[in-house]
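Which chain is which? The protein sequence lines are A and B, in order.
Residue 45 in UniProt numbering is what sits at position 45 of the first sequence, and the numbering runs on without skipping anything.
Residue 139 in UniProt numbering is what sits at position 139 of the second sequence, and the numbering runs on without skipping anything.
Virtual Cβ for every residue (Gly too), placed ideally from N, Cα, C.
Everything numeric in this text was worked out from a predicted model, so none of it was measured.
Please read the structure below before turning to the comments.
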Amino acid sequence: MTAITALIRRDIKIALRVGGGALIGVLFFLTVTVLMPFAIGPDLALLTRLGPAILWLGALLASLLTLDRLFTADHEDGSLDLIVMGQTPLELACAAKALAHWLAAGVPLIVATPMLGLLLNLDGEATSAVALTLLVGTPALTFTGMIGAALAVTLHRGGLLLAVLVLPLSIPVLIFGVSASQAAITGPLAFGTPFSILCALSLVSLVVGPFAAAASLRHGLD
Amino acid sequence: MTLIDLANPTKFLSLTGRVLPWLAGATAILLLVGLYQAAIAPDDYQQGATVKIMFIHVPNAWLSMFVWGVMSIAALGTLVWRHPLADVAAKAAAPIGAAFTFLALVTGSLWGRPMWGTYWEWDARLTSVLVLFLMYLGLMALWRAVDDPSRAARAAAVLTLVGAINLPIIKFSVDWWNTLHQPASVMRMGGPSLDKAFLIPLLVMAIGFSLLFVTLHLAAMRNEILRRRVRSLQMMQASQQAA
Numbered sequence: 001m002t003a004i005t006a007l008i009r010r011d012i013k014i015a016l017r018v019g020g021g022a023l024i025g026v027l028f029f030l031t032v033t034v035l036m037p038f039a040i041g042p043d044l045a046l047l048t049r050l051g052p053a054i055l056w057l058g059a060l061l062a063s064l065l066t067l068d069r070l071f072t073a074d075h076e077d078g079s080l081d082l083i084v085m086g087q088t089p090l091e092l093a094c095a096a097k098a099l100a101h102w103l104a105a106g107v108p109l110i111v112a113t114p115m116l117g118l119l120l121n122l123d124g125e126a127t128s129a130v131a132l133t134l135l136v137g138t139p140a141l142t143f144t145g146m147i148g149a150a151l152a153v154t155l156h157r158g159g160l161l162l163a164v165l166v167l168p169l170s171i172p173v174l175i176f177g178v179s180a181s182q183a184a185i186t187g188p189l190a191f192g193t194p195f196s197i198l199c200a201l202s203l204v205s206l207v208v209g210p211f212a213a214a215a216s217l218r219h220g221l222d
Numbered sequence: 001m002t003l004i005d006l007a008n009p010t011k012f013l014s015l016t017g018r019v020l021p022w023l024a025g026a027t028a029i030l031l032l033v034g035l036y037q038a039a040i041a042p043d044d045y046q047q048g049a050t051v052k053i054m055f056i057h058v059p060n061a062w063l064s065m066f067v068w069g070v071m072s073i074a075a076l077g078t079l080v081w082r083h084p085l086a087d088v089a090a091k092a093a094a095p096i097g098a099a100f101t102f103l104a105l106v107t108g109s110l111w112g113r114p115m116w117g118t119y120w121e122w123d124a125r126l127t128s129v130l131v132l133f134l135m136y137l138g139l140m141a142l143w144r145a146v147d148d149p150s151r152a153a154r155a156a157a158v159l160t161l162v163g164a165i166n167l168p169i170i171k172f173s174v175d176w177w178n179t180l181h182q183p184a185s186v187m188r189m190g191g192p193s194l195d196k197a198f199l200i201p202l203l204v205m206a207i208g209f210s211l212l213f214v215t216l217h218l219a220a221m222r223n224e225i226l227r228r229r230v231r232s233l234q235m236m237q238a239s240q241q242a243a
């Protein structure tokens with residue numbers, strides 16, 4: 001247990017310090033959200049309607065941007081080999097790394113959501129609905145994205161490939177995240193149905209992600 | 001003759017070399033018979049002659065999922081049993097599966113235009129098949145990104161098994177979400193709801209397309225084995241010249 005908490009604390013520290021780049025995700029999230037009104041036009045009613053979708057897309061792309069960091073730096077300095085050979089089961093270590101990544105790079109996105117909601121003319125209720133769905137949905141993005149990150153790190157130059165592999169897997173999360181937020185804001189669907197599916201997707205990815213990533217690291221690293 | 005015997009590529013090549021002409025012949029006959037039966041099948045009372053798109057669309061859609069299933073078994077073969085031909089099978093199947101998926105999407109779209117009034121609708125079945133198509137393309141990109149085949153094989157195997165989660169979603173999407181695409185009418189509880197006049201040509205076409213896949217897959221596997229041999233011969237020649 002101490003090994004896992006130590007791994008989580010180390011990863012969070014590295015991510016938040018100089019060169020860690022966890023907060024670049026938030027900056028990217030902000031920039032994408034600010035870009036949207038320029039593309040769509042400053043029509044406030046339209047922005048209110050599209051707001052949840054814009055926030056979800058921004059969060060998805062921002063979490064994709066930082067995923068590269070999950071294994072690459074550890075692979076370069078050799079600590080990934082130590083983790084693979086260590087006594088802690090690799091599945092648990094992968095889950096710990098993903099959890100740390102989510103705490104360092106995912107939670108700031110959710111914290112930033114209320115401010116970005118203001119820019120998109122969302123009222124309090126809509127903003128909290130989007131923040132709630134992001135809180136439940138971003139772990140799924142991180143844990144499925146980890147599979148792509150693990151594949152990419154074994155292939156040496158996987159940067160672009162990562163996006164191609166991860167984006168199709170994240171489509172269900174996007175669908176149910178946006179539909180849950182829309183249901184909370186406008187209806188007519190009940191909020192509970194898509195929201196529980198979103199929770200289920202997160203739980204499934206919590207199980208599948210670490211195992212697939214660990215399998216990929218175990219078979220792929222030499 | 002077991003699966004282990006086939007691990008020897010030379011044995012595999014000689015066996016498939018003998019089997020392939022027969023398979024190709026059977027495929028051609030079945031597809032011709034199926035097409036003829038489809039052509040003389042009666043028009044649907046609602047859909048008119050456009051119902052005949054079904055005889056192409058449905059087998060393609062079935063095979064788009066079947067091929068991913070084959071690739072998942074091959075992925076298990078790569079990761080668990082380390083069968084030497086498993087990664088050849090997985091690699092050869094991906095472009096064929098992508099082609100079947102693309103054809104299913106295109107024929108479905110052409111069928112949707114007169115029936116639904118739109119080429120594309122974001123309903124659950126269409127979206128999940130589109131995701132399947134994107135995953136086929138991602139898998140092919142993965143194969144192309146790495147020059148060491150065995151390394152690429154293991155990465156692709158993990159991705160294939162993860163992507164297999166999509167298969168039940170596609171199959172049951174029409175039951176879980178009440179959307180534009182019609183629910184299952186052949187493989188369902190309580191037997192097919194399709195009339196015999198349509199069902200028999202459809203099954204003939206389905207078997208024909210499945211044989212087409214087996215034929216193309218075996219041929220592609222042979223090509224891949226020969227390509228790897230050529231590659232290793234070239235490497236050997238290059239290292240001899242360098243020495």
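Residue span of the alpha helix (DSSP H) that contains residue i, given as start and end
i                         : result
glycine 17 of chain B     : 9–40
residue 245 of chain B    : Nothing can be reported for residue 245 of chain B, as the shown portion of chain B is limited to 1 through 243.
threonine 2 of chain A    : 2–16
asparagine 121 of chain A : Where asparagine 121 of chain A is concerned, there is no enclosing alpha helix (DSSP H), given that its DSSP letter is neither H nor E.
aspartate 147 of chain B  : From DSSP, aspartate 147 of chain B is part of no alpha helix (DSSP H); its letter is neither H nor E.
residue 293 of chain B    : This structure cannot settle anything about residue 293 of chain B, because the visible part of chain B is limited to 1 through 243.
isoleucine 197 of chain A : 192–220
alanine 104 of chain A    : No alpha helix (DSSP H) holds alanine 104 of chain A; DSSP gives it neither H nor E.
glycine 21 of chain A     : No alpha helix (DSSP H) holds glycine 21 of chain A; DSSP gives it neither H nor E.
leucine 85 of chain B     : No alpha helix (DSSP H) contains leucine 85 of chain B, which DSSP labels as neither H nor E.
leucine 60 of chain A     : 44–67
Cross-strand partners of residue i (DSSP beta bridge)
i                       : result
aspartate 81 of chain A : BP columns for aspartate 81 of chain A are empty, so no partner.
glycine 48 of chain B   : B:Asp44
Chain A contact for residue i (CB, 9 Å cutoff)
i                         : result
valine 146 of chain B     : yes
isoleucine 169 of chain B : yes
glycine 138 of chain B    : yes
residue 250 of chain B    : There is simply no residue 250 of chain B to check, as chain B begins at 1 and stops at 243 in what is shown.
valine 131 of chain B     : yes
alanine 93 of chain B     : no
isoleucine 73 of chain B  : no
threonine 10 of chain B   : no
threonine 127 of chain B  : yes
leucine 79 of chain B     : yes
alanine 89 of chain B     : no
alanine 86 of chain B     : no
isoleucine 165 of chain B : yes
leucine 218 of chain B    : no
leucine 134 of chain B    : yes
Whole-number beta carbon distance between residue j and residue i, since they are thought to touch under 8 Å
i                            : j                         : result
phenylalanine 191 of chain A : alanine 180 of chain A    : 6 Å
arginine 154 of chain B      : glycine 220 of chain A    : 6 Å
serine 63 of chain A         : alanine 105 of chain A    : 7 Å
arginine 151 of chain B      : threonine 154 of chain A  : 7 Å
alanine 129 of chain A       : isoleucine 185 of chain A : 6 Å
phenylalanine 213 of chain B : valine 67 of chain B      : 7 Å
methionine 71 of chain B     : leucine 167 of chain B    : In fact, because the Cβ distance is near 11 Å, the residues do not count as touching under 8 Å.
cysteine 94 of chain A       : alanine 6 of chain A      : In fact, because the Cβ distance is near 15 Å, the residues do not count as touching under 8 Å.
threonine 160 of chain B     : leucine 139 of chain B    : 7 Å
valine 166 of chain A        : threonine 144 of chain A  : 7 Å
alanine 150 of chain A       : serine 216 of chain A     : 4 Å
Neighbour flag for residue i against chain B, beta carbons, 9 Å
i                        : result
proline 188 of chain A   : no
alanine 150 of chain A   : yes
alanine 215 of chain A   : yes
residue 228 of chain A   : Any question about residue 228 of chain A goes unanswered here, given that chain A covers just 1 to 222.
isoleucine 12 of chain A : no
histidine 75 of chain A  : no
threonine 142 of chain A : no
histidine 219 of chain A : yes
proline 168 of chain A   : yes
valine 208 of chain A    : yes
histidine 156 of chain A : yes
Partners in chain E for residue i, counting only beta-carbon separations shorter than 9 Å
i                         : result
isoleucine 147 of chain A : This model lacks chain E altogether; the protein chains it does include are A and B.
Any non-hydrogen atom of the ligand COA closer than 8 Å to residue i Cβ
i                      : result
alanine 141 of chain B : This structure lacks the ligand COA, and indeed carries no ligand of any kind.
>> Would the stretch 114–122 of chain A count as touching the stretch 67–78 of chain A if we require 3 or more Cβ pairs under 8 Å?
In response: Too few Cβ pairs lie closer than 8 Å, so no.
>> I'd like to know if the stretch 208–219 of chain B and the stretch 23–30 of chain B are in contact, where contact means that at least 3 CB-CB pairs between them fall below 8 Å.
In response: A contact exists between the stretch 208–219 of chain B and the stretch 23–30 of chain B.
>> Three or more C-beta pairs under 8 Å: does that hold for the stretch 33–51 of chain B against the stretch 123–141 of chain B?
In response: Judged by Cβ distances under 8 Å, the stretch 33–51 of chain B makes no contact with the stretch 123–141 of chain B, as fewer than three pairs qualify.
> Are the stretch 93–100 of chain A and the stretch 25–32 of chain A in contact at 8 Å, needing three or more beta carbon pairs?
Replying inline: No: fewer than three Cβ pairs fall under 8 Å.
> Does the pairing of the stretch 128–144 of chain A with the stretch 195–210 of chain A give three or more beta-carbon distances under 8 Å?
Replying inline: At 8 Å Cβ cutoff, the stretches touch.
>> Check whether the stretch 197–204 of chain B and the stretch 129–147 of chain B are in contact - that is, three or more C-beta pairs closer than 8 Å.
In response: Taking a contact to require three or more Cβ pairs closer than 8 Å, the stretch 197–204 of chain B and the stretch 129–147 of chain B do not qualify as touching.
> Is there contact between the stretch 106–123 of chain B and the stretch 45–57 of chain B, where contact requires at least three CB pairs shorter than 8 Å?
Replying inline: Enough Cβ pairs lie closer than 8 Å, so yes.
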